[in-house]
Amino acid sequence: MQQWAGTIFYMLVFFAILYFLMIRPQQKQQKRRQEMLNSLKVDDRVVLAGGLHGRITKIKDRTIMVRIADKVEVEVDKAGVAYVPGQEE
Numbered sequence: 003m004q005q006w007a008g009t010i011f012y013m014l015v016f017f018a019i020l021y022f023l024m025i026r027p028q029q030k031q032q033k034r035r036q037e038m039l040n041s042l043k044v045d046d047r048v049v050l051a052g053g054l055h056g057r058i059t060k061i062k063d064r065t066i067m068v069r070i071a072d073k074v075e076v077e078v079d080k081a082g083v084a085y086v087p088g089q090e091e
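Numbering-wise, our numbering comes out as the position in the sequence shown, counting from 1, plus 2.
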């Protein structure tokens, strides 16, 4: 019985360490990213996941229109926004 108690204790310690070193930071990062995506507004400068820089011209439910050059606009899924310059950590 002593052996099982020790094993269970070490497993609980292992999972606690795993939670605080991997799972919790990932959840915080996801929360910050979701807040960033929800705070996007027209005329914000953004950098897309592919490295394109542009300015938001229109926001829809799941997509945004981004002007990447004069008279050139692309429709991008909101998840394609890597970051907003000036707001990254």
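Where a beta carbon is used, it is the ideal one built from N, C-alpha and C, also for glycine. All of these numbers come straight from a predicted model, not from anything done at the bench.
Which word fits residue i, buried or exposed, when buried means at least 16 other C-beta atoms lie within 10 angstroms of its C-beta?
{"i": "residue 56", "result": "buried"}
{"i": "residue 58", "result": "buried"}
Does the distance from the CB of residue i to the CB of residue j come in under 8 Å?
{"i": "residue 74", "j": "residue 66", "result": "no"}
{"i": "residue 47", "j": "residue 86", "result": "yes"}
{"i": "residue 44", "j": "residue 61", "result": "yes"}
{"i": "residue 80", "j": "residue 39", "result": "yes"}
Looking only at C-alpha atoms, which of the options sits nearest to residue i?
{"i": "residue 89", "options": "37, 30 and 15", "result": "37"}
{"i": "residue 82", "options": "18, 64 and 72", "result": "64"}
Where does the unbroken alpha helix (DSSP H) through residue i begin, and where does it stop?
{"i": "residue 8", "result": "4-20"}
In terms of residue numbering, what span does the beta strand (DSSP E) encompassing residue i cover?
{"i": "residue 33", "result": "First-last for residue 33: 26-40, but that is the alpha helix (DSSP H), not the beta strand (DSSP E)."}
{"i": "residue 46", "result": "Looking at the DSSP string, residue 46 is not in any beta strand (DSSP E), and its letter there is neither H nor E."}
{"i": "residue 79", "result": "74-79"}
{"i": "residue 57", "result": "55-61"}
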